[in-house]
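Colleague: Residue numbers (our numbering): 24 to 89.
We put the CB at the ideal spot given by N, CA and C, even for glycine.
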């Protein structure tokens, strides 16, 4: 896999390290990015399931009153 170097504010990286409990800045930031991506995939899966369920609902036509 290709590697990318990114410059980040030191305070931001320290905050990520504290929140994740990881002592290595590279690992801490990578953990946060991977978690963000996984959450996105879970959200997509939930919304796709809900959308699919809405599409499969059979709607009976209304009786015409008059």
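1. Measure the Cβ-Cβ separation of residue 35 and residue 45 and say whether it is below 9 Å.
2. May I ask you to report which of helix, strand or coil DSSP gives residue 24?
3. Can you give me the C-alpha to C-alpha distance between residue 49 and residue 30, rounded to a whole angstrom?
4. Just the Cα atoms here: how many angstroms apart are residue 27 and residue 70?
Modeller: Looking at the coordinates:
1. no
2. coil
3. 11 Å
4. 31 Å
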